[in-house]
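For the record, the sequence lines run as chains A and B. Residues 8 to 299 in my numbering are what the first sequence spells out, letter by letter. Residues 118 to 328 in my numbering are what the second sequence spells out, letter by letter. Here a beta-carbon is modelled for each residue, glycine too, at the ideal position from N, C-alpha and C.
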Amino acid sequence: MTDLLELIELRTVLGDGAMGTMLLEHGLSPGDCPEAWNLEHPEIVSSIHQGYVDAGSDFIETNTFGANPIKLARFDLDRKLEDIIRAGVDLARQAAGKRCLVAASIGPTGALLQPYGDTPREKVADAFRATVQAVAQADIDFFLVETMSDPEEARLAIGAIREFSDRPIVATMAFTKGAKGYRTMMGTTPEQCATVLADAGAHIVGVNCCAGTGEAAEIVAEMRQVSSYPLIAQPNAGAPKLERGRAVYPESPQSFARGMEQVLAEGAVIIGGCCGTTPEHILEIASLMGKC
Amino acid sequence: MDLNRLKQAVIAGDMAGARKLTEQAIEAGIEPGVILDEALVAGMDEVGELFKANEVYVPEVLLAAKSMQQAMQLLKPLLVKDGIEPKGKIVVGTVRGDLHDIGKNLVAMMLEGAGFEIIDLGNDVPPERFVKAAAEQGATIIGMSALLTTTMYAMKETIDLLKAEGLDGKVKTMVGGAPVTQAFADEIGASAYGDDAATAVDLAKRFMAEQ
Numbered sequence: 008m009t010d011l012l013e014l015i016e017l018r019t020v021l022g023d024g025a026m027g028t029m030l031l032e033h034g035l036s037p038g039d040c041p042e043a044w045n046l047e048h049p050e051i052v053s054s055i056h057q058g059y060v061d062a063g064s065d066f067i068e069t070n071t072f073g074a075n076p077i078k079l080a081r082f083d084l085d086r087k088l089e090d091i092i093r094a095g096v097d098l099a100r101q102a103a104g105k106r107c108l109v110a111a112s113i114g115p116t117g118a119l120l121q122p123y124g125d126t127p128r129e130k131v132a133d134a135f136r137a138t139v140q141a142v143a144q145a146d147i148d149f150f151l152v153e154t155m156s157d158p159e160e161a162r163l164a165i166g167a168i169r170e171f172s173d174r175p176i177v178a179t180m181a182f183t184k185g186a187k188g189y190r191t192m193m194g195t196t197p198e199q200c201a202t203v204l205a206d207a208g209a210h211i212v213g214v215n216c217c218a219g220t221g222e223a224a225e226i227v228a229e230m231r232q233v234s235s236y237p238l239i240a241q242p243n244a245g246a247p248k249l250e251r252g253r254a255v256y257p258e259s260p261q262s263f264a265r266g267m268e269q270v271l272a273e274g275a276v277i278i279g280g281c282c283g284t285t286p287e288h289i290l291e292i293a294s295l296m297g298k299c
Numbered sequence: 118m119d120l121n122r123l124k125q126a127v128i129a130g131d132m133a134g135a136r137k138l139t140e141q142a143i144e145a146g147i148e149p150g151v152i153l154d155e156a157l158v159a160g161m162d163e164v165g166e167l168f169k170a171n172e173v174y175v176p177e178v179l180l181a182a183k184s185m186q187q188a189m190q191l192l193k194p195l196l197v198k199d200g201i202e203p204k205g206k207i208v209v210g211t212v213r214g215d216l217h218d219i220g221k222n223l224v225a226m227m228l229e230g231a232g233f234e235i236i237d238l239g240n241d242v243p244p245e246r247f248v249k250a251a252a253e254q255g256a257t258i259i260g261m262s263a264l265l266t267t268t269m270y271a272m273k274e275t276i277d278l279l280k281a282e283g284l285d286g287k288v289k290t291m292v293g294g295a296p297v298t299q300a301f302a303d304e305i306g307a308s309a310y311g312d313d314a315a316t317a318v319d320l321a322k323r324f325m326a327e328q
């Protein structure tokens with residue numbers, strides 16, 4: 008399998024869809040640690056990966072989004088960090104085989120950095136170091152730092168990766184739309200984030216976990232204004248609505264795939280899905296791309 | 118001593134400045150209750166308005182709240198001595214099954230900034246703890262936060278339990294968090310929905326005025 012950076016020179020790259028909302032569909036309870044399922048229910052994690060591989064993903068993401076010492080400590084699972092990561096990478100690699108690449112998913116710690124919050128920078132940096140060291144020992148193709156709300160935390164994650172690995176780094180942030188346009192929780196714009204992520208050492212930058220393909224297209228367009236870096240977008244299947252006590256994501260596979268055509272037109276070279284997307288969403292994009 | 122300078126220090130998130138100016142105001146003999154209302158609470162009010170208008174974001178609000186906390190360390194003992202009561206007691210927490218506390222902390226800090234006493238139960242708080250804390254501490258408002266669509270229904274259990282315990286009406290409930298909407302708040306019978314931390318302050322003030 009070609010390296011990610013070579014692959015994006017050749018053609019549009021298709022990622023996978025959601026893991027977290029899929030696990031919830033399969034019985035993960037609110038308040039459970041999703042990454043613990045790498046050890047407790049590996050067959051379910053595997054089957055979700057397999058769905059994306061079969062749908063035509065060029066890469067799948069390990070179920071390690073929250074596998075960092077700070078987040079795992081909230082579940083009293085920090086001692087299991089390495090086991091959870093090793094199992095997560097193995098499950099993805101087995102499903103991927105030679106058919107697609109494996110990306111190590113690295114999400115935020117959930118802690119707010121000083122001076123705004125109470126968590127020292129060094130504690131967050133060490134948390135990412137521990138995660139990256141465990142990941143770097145396993146068989147992954149590239150890193151995907153995602154759903155970051157604080158550019159500074161994203162920088163720490165990217166910095167930790169650069170300390171221990173020379174694999175490519177993809178970094179995405181979450182934005183919401185307000186009166187002044189798209190901003191992260193910390194108030195940074197897509198343009199600012201694209202620059203910060205690239206300066207920190209990411210090879211590919213972009214957006215994920217935004218409310219739908221329309222927002223993703225607008226955010227990619229804003230990043231394109233300032234960044235010559237390859238761009239990635241992995242939006243949610245719209246903003247969730249509640250129906251009979253369950254979150255329902257409004258973008259069907261068909262409308263999601265059509266929406267992603269606009270995201271590509273704005274200049275994204277890697278596309279995929281976040282919350283609420285399924286193998287059907289990925290399959291629909293794959294067929295529009297003429298992959299099957 | 119110009120209290121406006123202290124108010125501006127709070128708005129700017131200048132922690133050291135807020136502390137120093139509070140010291141000076143106390144030394145100048147300004148009544149603690151006046152310092153609280155006209156500088157600190159007034160400053161946080163303005164930050165809340167700026168936040169609602171997207172003129173400032175979470176970092177600025179947190180620094181302003183921390184500046185107010187610096188000032189309050191000096192002021193609190195004096196307020197107690199003067200017999201000045203908090204504007205009200207509010208129990209806050211993130212609901213059962215949900216470990217996300219950034220939003221809840223922001224709401225707690227803003228409410229504190231408005232002069233309320235906050236009983237923060239942390240995250241993953243079961244309905245029984247919300248109700249017990251409110252009853253034992255004499256709080257008249259419960260604020261509940263959820264980031265996940267899967268955990269927000271735990272809010273309804275707290276509201277139902279309040280009714281079962283006969284505290285319905287005595288204790289108001291306000292709910293918020295990314296997936297929470299006005300329609301959802303209506304559906305579960307919450308007293309009110311807050312779209313952001315500044316709105317939570319408005320709601321709490323309204324509840325107190327109604328009592």
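Integer Cβ distance of residue i from residue j, believed to fall under 8 Å
{"i": "A/G38", "j": "B/R213", "result": "7 Å"}
{"i": "A/A207", "j": "A/V227", "result": "Actually they are not in contact, since the Cβ atoms of A/A207 and A/V227 sit about 19 Å apart, beyond 8 Å."}
{"i": "B/K206", "j": "B/E163", "result": "About 24 Å separates the two Cβ atoms, so there is no contact after all."}
{"i": "A/G22", "j": "A/F66", "result": "6 Å"}
{"i": "B/I236", "j": "B/Q254", "result": "5 Å"}
{"i": "B/M118", "j": "B/I147", "result": "6 Å"}
{"i": "A/T19", "j": "A/G283", "result": "Their Cβ separation, rounded to whole angstroms, is 22 Å, which puts A/T19 and A/G283 out of contact at 8 Å."}
{"i": "B/V208", "j": "B/V224", "result": "With 8 Å as the limit, B/V208 and B/V224 do not qualify as a contact, their Cβ atoms being about 12 Å apart."}
{"i": "A/Q261", "j": "A/A224", "result": "Not a contact, Cβ separation roughly 17 Å."}
{"i": "A/M26", "j": "A/I55", "result": "6 Å"}
{"i": "B/L284", "j": "B/E245", "result": "About 13 Å separates the two Cβ atoms, so there is no contact after all."}
Neighbourhood of residue i by C-beta distance below 7 Å, restricted to the same chain and skipping five residues each side
{"i": "A/A218", "result": "N243, G245 and A246"}
{"i": "B/V318", "result": "G165, M227, L228 and A231"}
{"i": "A/P76", "result": "D85, L88, A134 and A137"}
{"i": "B/L167", "result": "V173"}
{"i": "A/G95", "result": "E42, N45, T69, N70, T71 and A74"}
{"i": "B/D215", "result": "N240, D241, A263, L264, L265 and T268"}
Contact under 9 Å by Cβ, residue i with residue j
{"i": "B/Q187", "j": "B/T257", "result": "no"}
{"i": "A/E42", "j": "A/L79", "result": "yes"}
{"i": "A/S234", "j": "A/T202", "result": "yes"}
{"i": "A/A209", "j": "A/V152", "result": "yes"}
{"i": "A/A205", "j": "A/V214", "result": "no"}
{"i": "B/A309", "j": "B/F324", "result": "yes"}
{"i": "A/T116", "j": "A/E170", "result": "no"}
{"i": "B/G260", "j": "B/G311", "result": "yes"}
{"i": "A/M180", "j": "A/T220", "result": "no"}
{"i": "A/L295", "j": "A/A275", "result": "no"}
{"i": "A/E68", "j": "A/A111", "result": "yes"}
{"i": "B/T211", "j": "B/G130", "result": "no"}
{"i": "A/C281", "j": "A/G24", "result": "yes"}
{"i": "A/V60", "j": "A/A103", "result": "yes"}
{"i": "B/A170", "j": "B/K124", "result": "no"}
Three-state secondary structure assigned by DSSP to residue i
{"i": "A/S262", "result": "helix"}
{"i": "A/R136", "result": "helix"}
{"i": "A/D173", "result": "coil"}
{"i": "B/T139", "result": "helix"}
{"i": "A/E160", "result": "helix"}
{"i": "A/M180", "result": "strand"}
{"i": "B/E282", "result": "coil"}
{"i": "A/E129", "result": "helix"}
{"i": "A/A246", "result": "coil"}
{"i": "A/E153", "result": "strand"}
{"i": "B/D199", "result": "coil"}
{"i": "A/M230", "result": "helix"}
{"i": "A/S300", "result": "Because residue 300 of chain A is not part of the residues shown, which for chain A are 8 to 299, the question remains open."}
{"i": "A/D90", "result": "helix"}
{"i": "B/R213", "result": "coil"}
{"i": "A/G27", "result": "helix"}
{"i": "B/L179", "result": "helix"}
{"i": "B/Q187", "result": "helix"}
{"i": "A/E16", "result": "helix"}
Cβ-heavy atom distance, residue i to the ligand SAH, below 8 Å
{"i": "A/E222", "result": "With respect to the ligand SAH, the structure shown offers nothing to examine, as it has no ligands at all."}
Cβ neighbours of residue i in the same chain (closer than 6 Å, five flanking residues each side left out)
{"i": "A/M230", "result": "P197, A201 and L238"}
{"i": "B/A182", "result": "M226 and G230"}
{"i": "A/K298", "result": "G63"}
{"i": "A/L163", "result": "V131, A132 and F135"}
{"i": "A/I15", "result": "P237 and V276"}
Cβ-based neighbour list, residue i, same chain, cut-off 8 Å, excluding 5 preceding and 5 following
{"i": "B/L191", "result": "R136, T139, E140 and I143"}
{"i": "A/I91", "result": "E42, A43, N45, L46, T71, A74, L79 and L84"}
{"i": "A/S53", "result": "L98, Q101 and A102"}
ask   = Fully enclosed by the region 186 to 220 of chain A, which beta strand (DSSP E) runs are 3 residues long or longer?
value = Runs of the beta strand (DSSP E) inside the region 186 to 220 of chain A: 188 to 190 and 211 to 215.
request  = Mind listing, in chain order, the continuous beta strand (DSSP E) runs of no fewer than 3 residues lying wholly within the region 30 to 78 of chain A?
outcome  = Taking only runs of at least 3 residues, the beta strand (DSSP E) segments lying wholly in the region 30 to 78 of chain A are 66 to 68.
Continuous alpha helix (DSSP H) assignments of at least 4 residues falling wholly in the region 244 to 268 of chain B = For the region 244 to 268 of chain B, whole alpha helix (DSSP H) runs of length 4 or above, ordered along the chain, are 244 to 254.
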